[in-house]
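Under the working numbering, residues 5 to 70 are what the sequence shown spells out, in order.
So the structure is just underneath, and the comments pick up after that.
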Amino acid sequence: MAVLKVIEVLANSSKSWEDATNKALEQASKSVKNIRSIYINEQSATVKDGKIDDYRVNVKITFEVH
């Protein structure tokens with residue numbers, strides 16, 4: 005039986021929500037091993053001059069604890 009832990013990570017990108025999600029995973033991977041999945045909990049954006057300025061994601065990352 006595996007024991008799993010979930011952490012919540014916030015990330016942003018000037019390109020897209022997908023890029024923000026990838027950045028969250030890249031940063032988490034630097035200190036967390038055995039990542040099993042990532043769940044996009046929430047997406048938001050800031051607007052500047054009528055255009056999206058910054059894409060933001062709130063993700064939950066699940067990893068196995070040994």
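Think of the CB as a built atom: it goes at the ideal place given N, C-alpha and C, for glycine as much as any other residue.
Quick caveat: nothing in here was measured; it's all calculated off a predicted structure.
Distance, Lys-64 Cα to Ile-11 Cα:
6 angstroms
Please report the distance separating the alpha-carbon of Met-5 from that of Lys-19.
Roughly 39 angstroms between the two C-alpha positions.
Rounded to whole angstroms, what's the CA-CA distance from Ser-41 to Val-13? Just pull it up for me.
13 angstroms
Among Asn-45, Lys-55, Val-51 and Phe-67, which residue has its Cα nearest to the Cα of Ala-15?
Asn-45
Distance, Val-69 Cα to Val-61 Cα:
24 angstroms
Status (buried if at least 16 other CB within 10 Å, exposed otherwise) for Tyr-59:
buried
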